[in-house]
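Residues 6 to 498 (our numbering) are what the sequence shown spells out, left to right.
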Amino acid sequence: MNVPSRPSLGISAVLTRPAFLPVLSGTIGLLLIGGGFTPGLPARGVFFFGGLCCVVGGGVGYLVLEEWRRRQVDLESFRWALVHELRKQDRSNFSFSQLVERAGVSRRPADEIAAELYQRVVGDCVRDGVVTASEAANLDQLAFLLELSPIVRSQIDARVKERRYAEHFRWVLADGALTDDEAAQLASLRASLGLTPDAVLGATGLTGGDAYRALFRQVIRKGHITEADLNELGKLRESSGLTAAAAQSLVREDALAFYRERFFAAKQDGHISVQEENELAWLQSFLGLSDNDTFWFREQIERIKCLERVRGGDLPTHSTHKLLEGGEICHWDAPCRYCWSTATYEKSAEGEVVITSQRVIFTSGVKRFEFKPARIVDIRCYSDGVSINTSGRHGAGLYFVADAELFAAILEAIARNHKYLAAERFSTTRSRQIPEQVKQEVWARDGGRCVRCGAQEYLEYDHVIPFSRGGANTVANVQILCRRCNLLKSDRI
Ligand SMILES: [Zn+2]
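Right under this line is the structure:
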């Protein structure tokens with residue numbers, strides 16, 4: 006048998022020899038025993054005993070290592086013999102078991118060598134991405150000759166093919182993009198290797214998941230998702246062997262954040278367009294969110310649409326016991342706490358407020374007044390109250406009511422009915438007109454949460470310098486606040 010010659014002896018070769026340590030230990034043992042003969046040395050027995058242990062230990066270690074080395078040499082010879090036999094044209098007399106017996110090696114390491122050999126040949130076959138019929142027949146014969154069990158064989162086949170696919174997948178994704186051509190290449194490679202989606206997932210694993218998430222983030226950073234983006238995500242998902250559900254859960258966090266952002270952006274201008282509504286509905290289905298998950302959002306959308314209708318002049322009618330003039334219609338009649346301030350004091354009164362098509366009336370035990378809608382100069386809406394500024398002697402102050410948004414919307418509508426242009430300058434109107442680009446940048450900068458308390462619900466785009474004082478619709482002047490913080494921030498409260 007053909008054994009490769011050993012390397013020549015250099016000092017490094019000696020040091021790296023496995024037998025070096027036992028020999029060293031034996032030498033130290035002998036030195037110790039020698040030291041034990043020195044007269045006058047205390048505890049000479051310890052030297053003798055320690056030295057003896059070292060010599061015996063070193064000897065045993067040397068024998069074990071030599072045995073191990075001999076076996077390695079035998080296995081190496083066996084490998085050579087095996088390869089030699091398999092290279093022969095005529096394999097009719099070949100028997101793996103007999104060869105193992107002849108070489109005197111144990112069966113398990115021999116089987117490992119056979120598996121390794123087989124794996125290398127499979128690797129050569131799939132390198133071009135296709136296993137031809139003749140290659141397949143060859144592999145069948147080889148597996149038979151090497152006496153590989155079907156289980157071991159299928160494991161090796163799967164491993165090699167997955168590795169081959171993973172290699173190509175990483176190579177294709179190295180530039181971070183997946184073109185149509187590349188996706189088609191991967192698809193045909195999957196088909197020719199006969200990989201199941203599970204196998205593909207095993208092959209691409211983290212690489213595929215990471216790539217999918219990265220692409221998704223890249224898509225949503227643009228602020229909207231197009232048909233082409235969806236197409237690319239779909240291709241990448243397929244190429245990674247990810248199921249729809251797995252892909253969904255991978256990007257769930259990002260997608261939810263995106264849903265929230267789209268929602269608050271859509272809601273901010275007090276107007277939900279058909280496109281915005283469609284986009285949100287599509288996002289919901291893409292994210293696999295249940296109607297339950299989005300209940301709050303959809304309720305808000307319905308509410309926004311309702312408020313929008315009110316602002317547009319579709320006013321609710323309300324019964325009232327107030328004495329109305331002919332043709333006067335009541336739109337609001339509810340309890341209200343009215344707060345007003347003069348230069349020297351602040352006061353509040355519990356009463357009720359009525360809005361009709363002609364007047365705003367406040368009545369309470371201590372204070373009562375009314376004013377014409379045309380007197381309204383500005384309206385600001387907070388979570389539980391509405392601040393009104395009027396040009397007359399009455400009415401300026403804060404109105405705390407149960408539904409501040411609806412109250413403000415009705416006020417805005419009747420004010421618009423009475424002096425159309427002025428209503429366009431109200432804070433409630435103007436604050437709705439933040440450009441889409443500004444909203445996106447502000448949202449990204451503030452991380453989609455209230456900059457004061459970190460809340461993630463009831464968010465609003467707030468102007469750092471209010472409109473009424475000339476604040477602009479710029480990224481620098483807009484921030485995200487929750488309703489509560491927005492309310493606290495107001496200098497009037
Ligand atoms: Zn807050």
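Using N, Cα and C, we set each Cβ at its ideal position, and we do this for glycine too.
Verify the contact flag: residue i, CB atom, against every heavy atom of ligand 1, threshold strictly below 6 Å.
| i | result |
| --- | --- |
| Arg-457 | yes |
| Cys-487 | yes |
| Ala-460 | yes |
| Cys-490 | yes |
Report all residues from its chain with a CB closer than 7 Å to the CB of residue i; omit the five preceding and five following residues, and keep chain order.
| i | result |
| --- | --- |
| Ser-10 | Any reading at Ser-10 needs caution, since the residue's pLDDT is 43, under 50, leaving its predicted position unreliable; the model's value is listed next. Nothing listed; no residue qualifies. |
| Asp-496 | Confidence at Asp-496 is low in this model, with a pLDDT of 49, below 50, so its placement is unreliable and the value that follows should be read with caution. Same-chain partners within the cutoff: there are none. |
| Ala-252 | Tyr-217, Arg-242 |
| Gln-484 | Val-447, Asp-451, Val-456, Asp-467, Val-469 |
| Ile-230 | Val-224 |
| Gly-332 | none |
| Leu-35 | Gly-56, Val-60 |
| Cys-130 | Val-136, Glu-140, Leu-144 |
| Phe-431 | Asp-383, Ile-384, Glu-417 |
With a CB to CB cut of under 6 Å and the five nearest residues on each side skipped, what residues in its chain are close to residue i?
| i | result |
| --- | --- |
| Arg-4 | Lying before the first or after the last residue shown, residue 4 is absent from the chain, which here runs from 6 to 498. |
| Lys-372 | Ala-354 |
| Arg-366 | Per the sequence presented here, residue 366 reads as Ile, with Arg not at that position. Only Val-359, Glu-375 meet the Cβ criterion. |
| Ala-271 | Ile-277, Glu-281 |
| Glu-167 | Ala-204, Gly-207, Ala-208 |
| Ile-306 | Ile-277 |
| Gly-397 | Phe-376, Arg-380 |
| His-423 | Pro-378, Ala-379 |
| Gly-39 | none |
| Ser-13 | Since pLDDT at Ser-13 reaches only 45, below the 50 mark, its modelled position is unreliable, and no value is offered. |
Taking all protein chains shown into account, do 16 or more other C-beta atoms lie within 10 angstroms of the C-beta of residue i, making it buried, or fewer, making it exposed?
| i | result |
| --- | --- |
| Thr-325 | buried |
| Gly-56 | buried |
| Tyr-387 | buried |
| Asn-5 | What the structure shows of the chain is the stretch from 6 to 498, and residue 5 is not part of that stretch, so it cannot be assessed. |
| Lys-227 | exposed |
| Arg-488 | buried |
| Pro-155 | exposed |
| Leu-493 | exposed |
| Glu-465 | buried |
| Asp-383 | buried |
| Gln-273 | buried |
| Leu-486 | buried |
| Ala-115 | buried |
| Ala-189 | exposed |
| Asp-162 | buried |
| Met-6 | Confidence in Met-6 is poor, its pLDDT being 38 and thus under 50, which makes the residue's placement too unreliable to answer from. |
| Glu-351 | exposed |
| Val-127 | buried |
| Phe-412 | buried |
| Val-165 | buried |
| Pro-27 | buried |
| Ala-409 | buried |
| Trp-337 | buried |
| Val-391 | buried |
| Thr-349 | exposed |
| Val-256 | buried |
| Leu-238 | buried |
Check whether the Cβ of residue i sits closer than 6 Å to any heavy atom of ligand 3, and report yes or no.
| i | result |
| --- | --- |
| Arg-175 | Judged by which ligands are present, ligand 3 is missing from the structure shown, whose ligands are ligand 1. |
Who are the Cβ neighbours of residue i in its own chain at under 8 Å, not counting the five residues just before and after it?
| i | result |
| --- | --- |
| Glu-330 | Gln-363 |
| Arg-267 | Glu-281, Glu-284, Leu-285, Leu-288 |
Check whether the segment 401-413 and the segment 336-355 are in contact - that is, three or more C-beta pairs closer than 8 Å. yes
Can you list the alpha helix (DSSP H) stretches of 4 or more residues lying completely in the segment 133-158, in chain order? 138-150
Can you give, in chain order, each stretch of the beta strand (DSSP E) that sits fully within the segment 62-121 and has at least 3 residues? none
Which full runs of the beta strand (DSSP E) of 3+ residues lie inside the segment 362-420, going along the chain? 365-369, 373-376, 381-386, 390-395, 402-405
Inspect the CB distances between the segment 179-193 and the segment 149-158 and report whether three or more fall short of 8 Å. no
Does the structure place the segment 274-286 close enough to the segment 237-250 that three or more beta carbon pairs sit under 8 Å? no
Please give me, in chain order, every unbroken run of the alpha helix (DSSP H) with length at least 4 that falls completely inside the segment 177-225. 185-198
May I have a chain-ordered list of the alpha helix (DSSP H) segments no shorter than 4 residues that lie completely inside the segment 300-357? 300-316
Within the chosen definition, does the segment 446-453 reach the segment 478-492 through at least 3 CB pairs nearer than 8 Å? yes
Would the segment 287-299 count as touching the segment 252-260 if we require 3 or more Cβ pairs under 8 Å? yes
Pairing CB atoms from the segment 58-69 with CB atoms from the segment 88-100, are three or more of them under 8 Å? no
Is the segment 99-112 close to the segment 163-179, with three or more CB pairs under 8 Å? no
Please give me, in chain order, every unbroken run of the beta strand (DSSP E) with length at least 3 that falls completely inside the segment 431-485. 464-468
Flag this pair as touching only if the segment 131-143 and the segment 189-202 have three or more C-beta atom pairs under 8 Å; answer yes or no. yes
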